[in-house]
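Undergrad: Next up is a structure, given as structure tokens.
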Amino acid sequence: MQVPSHVEYERPATLAAALMLLANGEGEARPLAGGHSLIPMMKLRLARPELLVDINGLTELAYIRQDGDQLAIGALTRHAALLESALVYEHYPIFRDAETVIADPIVRNWGTVGGSLCQADPSEDLSAAFAAAKATVVITSQQGKRTVTARELHVGPYETVVGAGELLTEVRLPIPARTGSAYEKVERRVGDWSIVAVGAVLTLSADGATVEQVGIGLTAVGAEQFYAPEAEAYLRGKPATEEHFARAAAIAAEHTSPVSDQRGPADYKRHLAAELTVRALRHAASRARGEA
Amino acid sequence: MRITVNVNGTDYTRDVEPRLLLIHFIRDELSLTGSHWGCDTSNCGACTVWLDSTPIKSCTALAVMADGREVRTVEGLEGAELDPVQQGFMECHGLQCGFCTPGMMMTSRWLLDKNPDPSEHEIREAISGQICRCTGYENIVRSVRWAAEHPATTEVTAS
């Protein structure tokens, strides 16, 4: 029987009250949303917060909306809502691709976008998808708001720049034109963590021939910030062809550092990283051209 | 801490520790042992109950999180007669050992409420977070299809 150790619990009614509780907790207070990462970690004593601040009542943090030339996604947005959002799909099909293969429908009902990002699990899918999309995240505390890029959010496995007294409250995505995106994941069985997964976001020139901007996100292969800077630098400005996708994928794979574990040996994962990068780029390009 | 949770239409008030998991609250405090406590890691889905109309895995939620909210367990499926999902599992031999059954039924009821005529693929997708240790999936899918083809004549509600 797995039971967390003793903990105190508060369910604030407002964001201001939640931020006060987190600030007063001086690092021993943890926000609790879906709890699908935090509660298992508490059962295993890998996390031992003194106070849980249940933010599930803060429904003002559960939204997906267009805000000027950006999409804004509240931190309390459930995976299921991100999966089903027509607005997100219109601009970023990568998130429907990814959400379809994150855990299972029941877990997706309760797990949240903010929680997934802040857990910073090195095999987590949304971290790679948001890194590929060059998202920014809004971090709120009693002192106000600050914004960091999704690529700066993670500082290592299970570690983010979100400090004591702070709460990740929103994720923002640019809405570029002529852009397609896709997510490709290989897993051992339905609902499992990735063996490897890759997301790609491509902005093409008006004639669809040239890569103007590119984001490549990877998970489960040791990329600490969940993206592939060398492959992106190579592909930017190049023709959007199979040959260049293959070269970019090889560069991305070269720079990964997967570990051999129960999900497979490192060389297999490196092979997957290259193959899935090609597939994600190919699919993103065809979506950018309006083909699929 | 004192909490009041509405379970299957009845308010229950109990003093609980914040660390008490919802599945243990339901089974041990309320003696509603229809929901099963399985893997403890949100993988198997035997503990699935509804929290305010959405199925969740109650081994990975705290009882205090349900304070002031509504929980529906497998005991709350039955109205004046069996829910079509329950009848379907009986008609089509949808259970062998029965361990996964409460989770399967709660998820199936949720699926049919959203999608009254699901395809076999949609059923399999919906129950992909429930593991049947007897591997009796064929009959479970048939049972859900049976329920889809025999909807209740009166609305079955949570309370």
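Chains as they are written, first to last, in our numbering: chain A, 26 to 317; chain B, 1096 to 1254. The beta carbon of each residue, even a glycine, is placed where N, CA and C say it ideally should be.
Using the rule of at least 16 other Cβ atoms within 10 Å of the residue's Cβ for burial, across every protein chain shown, is Leu69 (chain A) buried or exposed?
TA: The count along the first sequence starts at 1 and reaches residue 69 (chain A) at position 44. With fewer than 16 other Cβ atoms within 10 Å, it is exposed.
Undergrad: Can you confirm whether Asn81 (chain A), when its beta carbon is compared against all beta carbons of chain B, has any partner nearer than 8 Å?
TA: Here residue 81 (chain A) refers to the residue found at position 56 when the first sequence is read from its first residue. It does; some Cβ of chain B falls within 8 Å.
Undergrad: On the criterion of 16 or more Cβ atoms from any shown chain inside 10 Å, does Met26 (chain A) qualify as buried, or is it exposed?
TA: The count along the first sequence starts at 1 and reaches residue 26 (chain A) at position 1. Residue environment analysis places Met26 (chain A) among the exposed positions, since fewer than 16 neighbouring C-beta atoms fall within 10 angstroms of its C-beta.
Undergrad: State the DSSP-derived secondary structure class of Lys263 (chain A), mapped to helix, strand or coil.
TA: Numbered from 1 along the first sequence, position 238 holds the residue referred to as residue 263 (chain A). If DSSP states are grouped into helix, strand and coil, Lys263 (chain A) belongs with coil.
Undergrad: Here's the rule: buried if 16 or more other CB atoms are within 10 angstroms of the residue's CB, otherwise exposed. What is Asn1138 (chain B)?
TA: Here residue 1138 (chain B) is taken as the residue at index 43 of the second sequence, counted from 1. Buried is the call here.
Undergrad: Return the chain-ordered list of same chain residues with a C-beta closer than 7 Å to the C-beta of Val132 (chain A), the five sequence neighbours on each side being excluded.
TA: Indexing the first sequence from 1 puts residue 132 (chain A) at position 107. His61, listed in sequence order.
Undergrad: If you follow the beta strand (DSSP E) that Ile220 (chain A) is in, where does it begin and where does it stop?
TA: As a working mapping, residue 220 (chain A) is identified with position 195 in the first sequence. Taken as a continuous stretch (DSSP letters only), the beta strand (DSSP E) holding Ile220 (chain A) covers Ser219 to Leu229.
Undergrad: Residues in its own chain within less than 6 Å of Asp1212 (chain B) by CB, not counting five upstream and five downstream?
TA: Mapped onto the second sequence, residue 1212 (chain B) falls at position 117. If we look at Asp1212 (chain B) and ignore the five residues flanking it on each side, its Cβ neighbours are Ala1243.
Undergrad: With a cut-off of 8 Å, do at least 3 Cβ pairs link the stretch 194–209 of chain A to the stretch 276–293 of chain A?
TA: no
Undergrad: Measure the alpha-carbon distance for Glu267 (chain A) versus Ile1222 (chain B) and round it to whole angstroms.
TA: Indexing the first sequence from 1 puts residue 267 (chain A) at position 242. Indexing the second sequence from 1 puts residue 1222 (chain B) at position 127. One C-alpha to the other measures close to 38 Å.
Undergrad: Please determine, among B:Ala1247, B:Ala1175, B:Met1200 and B:Lys1209, the residue with the shortest C-alpha to C-alpha distance to Ser1238 (chain B).
TA: Mapped onto the second sequence, residue 1238 (chain B) falls at position 143. The candidate whose alpha carbon is nearest that of Ser1238 (chain B) is B:Met1200.
Undergrad: Keeping to the same chain, check which residues put their C-beta closer than 6 Å to that of Ser1254 (chain B); ignore five residues upstream and five downstream.
TA: In the second sequence, the residue the question calls residue 1254 (chain B) occupies position 159. Because Ser1254 (chain B) carries a pLDDT of 47, less than 50, the predicted location of this residue cannot be relied on, and the following value inherits that uncertainty. Excluding sequence neighbours, Ser1254 (chain B) sits near Gly1104.
Undergrad: Just the chain A side, please: which residues come within less than 8 Å of Asp1178 (chain B) by C-beta, in chain order?
TA: The sequence position of residue 1178 (chain B) within the second sequence is 83, counting from 1. In chain order: nothing, as chain A lies at least about 18 Å away.
Undergrad: Classify Tyr293 (chain A) as helix, strand or coil using the three-state DSSP reduction.
TA: Here the question's residue 293 (chain A) lines up with position 268 in the first sequence. Here Tyr293 (chain A) sits in helix by DSSP.
Undergrad: Our contact map puts Gly1140 (chain B) next to Cys1195 (chain B) with C-beta atoms below 8 Å; I'd like the distance itself, whole angstroms only.
TA: Within the second sequence, residue 1140 (chain B) is the residue found at index 45, counting from 1. Within the second sequence, residue 1195 (chain B) is the residue found at index 100, counting from 1. Taking a contact as a CB-CB distance under 8 Å, the pair Gly1140 (chain B) and Cys1195 (chain B) counts as one, their CB atoms being some 7 Å apart.
Undergrad: Going by other Cβ atoms of all chains shown within 10 Å of its Cβ, with 16 needed for buried, is Asp150 (chain A) buried or exposed?
TA: As a position in the first sequence, residue 150 (chain A) is number 125, starting the count at 1. Result: buried.
Undergrad: Sort A:Met66, A:Arg73, A:Arg213 and A:Thr39 by Cα distance to Ala54 (chain A) and report the nearest one.
TA: What you label residue 54 (chain A) is simply residue 29 of the first sequence in a count that begins at 1. Of the listed residues, the one whose Cα sits closest to Ala54 (chain A) is A:Arg73.
Undergrad: Measure from the alpha carbon of His296 (chain A) to the alpha carbon of each residue in A:Thr281, A:Pro130, A:Thr228 and A:Asp92, then state which is nearest.
TA: Translated into positions along the first sequence, residue 296 (chain A) becomes position 271. Out of A:Thr281, A:Pro130, A:Thr228 and A:Asp92, A:Thr281 has the C-alpha closest to the C-alpha of His296 (chain A).
Undergrad: Spatial neighbours of Ile80 (chain A) within its chain, please: C-beta separation below 6 Å, excluding the five flanking residues on both sides.
TA: Here residue 80 (chain A) refers to the residue found at position 55 of the first sequence. Correct list, in chain order: Ala43, Pro56 and Ala58.
Undergrad: Please confirm whether Arg1097 (chain B) has its beta-carbon closer than 8 Å to some beta-carbon of chain A.
TA: Counting from 1 along the second sequence, the entry for residue 1097 (chain B) is found at position 2. Taking CB atoms only, Arg1097 (chain B) has no neighbour in chain A less than 8 Å away.
Undergrad: Using three-state DSSP, classify Ser1254 (chain B) as helix, strand or coil.
TA: The residue labelled residue 1254 (chain B) in the question sits at position 159 within the second sequence. With a pLDDT of only 47 at Ser1254 (chain B), under the threshold of 50, the placement of this residue in the model should not be trusted, and no figure is reported.
Undergrad: Output the residue ranges of the beta strand (DSSP E) runs that lie fully inside the stretch 1165–1190 of chain B and measure 3 residues or longer, sorted by chain position.
TA: Counting only runs of 3 or more, we get 1165–1167.
Undergrad: Any idea what DSSP makes of Ala253 (chain A), helix, strand or coil?
TA: As a position in the first sequence, residue 253 (chain A) is number 228, starting the count at 1. Note: Ala253 (chain A) maps to coil in three-state DSSP.
Undergrad: With 9 Å as the limit, tell me which residues of the stretch 1139–1159 of chain B have their beta carbon closer than that to any beta carbon of chain A; keep them in chain order.
TA: Gly1140, Thr1143, Leu1146, Thr1149, Pro1150, Ile1151, Lys1152, Cys1154, Thr1155, Ala1156, Leu1157 and Val1159
Undergrad: Are three or more beta carbon pairs between the stretch 1110–1121 of chain B and the stretch 1145–1162 of chain B nearer than 8 Å?
TA: yes
Undergrad: Taking only three categories from DSSP, how would you classify Asp122 (chain A)?
TA: The count along the first sequence starts at 1 and reaches residue 122 (chain A) at position 97. Three-state DSSP puts Asp122 (chain A) in a helix.
Undergrad: Would Glu191 (chain A) be called buried (16 or more neighbouring beta carbons within 10 Å of its own) or exposed?
TA: As a working note, residue 191 (chain A) is residue 166 in the first sequence. Buried, because 16 or more other Cβ atoms sit within 10 Å of the Cβ of Glu191 (chain A).
Undergrad: Identify which residue in A:Asp129, A:Ala275 and A:Gln91 has its Cα closest to the Cα of Tyr114 (chain A).
TA: Taking the first sequence and counting its residues from 1, one reaches residue 114 (chain A) at position 89. Comparing alpha-carbon positions, the option among A:Asp129, A:Ala275 and A:Gln91 lying closest to Tyr114 (chain A) turns out to be A:Gln91.
Undergrad: When the distance is taken between beta carbons, is His1245 (chain B) closer than 8 Å to Pro1179 (chain B)?
TA: Counted from its first residue, the second sequence places residue 1179 (chain B) at position 84. Counted from its first residue, the second sequence places residue 1245 (chain B) at position 150. Going by C-beta atoms, Pro1179 (chain B) is nearer than 8 Å to His1245 (chain B).
Undergrad: Along the beta strand (DSSP E) that carries Gln238 (chain A), what are the first and last residues, could you check?
TA: For the purposes of this step, residue 238 (chain A) is taken as residue 213 along the first sequence, with counting starting at 1. Unbroken beta strand (DSSP E) run through Gln238 (chain A): Val236 to Thr244.
Undergrad: Return yes when the Cβ of Ala265 (chain A) is within less than 8 Å of the Cβ of Ala234 (chain A), no when it is not.
TA: Here residue 234 (chain A) corresponds to residue number 209 of the first sequence, with the count starting at 1. Here residue 265 (chain A) corresponds to residue number 240 of the first sequence, with the count starting at 1. Contact flag set, yes.
Undergrad: If you measure beta-carbon to beta-carbon, which residues of the stretch 204–234 of chain A are closer than 7 Å to chain B?
TA: Val215 and Gly216
Undergrad: Applying a beta-carbon distance threshold of less than 7 Å, which residues of chain B neighbour His61 (chain A)?
TA: Against the first sequence, residue 61 (chain A) aligns to sequence position 36. Simply Ser1137 and Thr1155.
Undergrad: Please tell me whether Ala1247 (chain B) has its Cβ less than 8 Å away from any Cβ of chain A.
TA: As a first step, residue 1247 (chain B) must be located in the second sequence, where it is residue number 152. It does not: the Cβ of Ala1247 (chain B) has no partner Cβ on chain A nearer than 8 Å.
Undergrad: Which residue or residues does DSSP assign as beta-bridge partners of His179 (chain A)?
TA: Your numbering for residue 179 (chain A) matches position 154 in the first sequence. According to DSSP, which records beta bridges pairwise, His179 (chain A) is partnered with A:Thr185.
Undergrad: Which chain B residues sit within Cβ distance under 9 Å of Leu142 (chain A)?
TA: Residue 142 (chain A) sits at position 117 when you count from the first residue of the first sequence. Here the premise fails: no neighbours, minimum Cβ distance about 19 Å.
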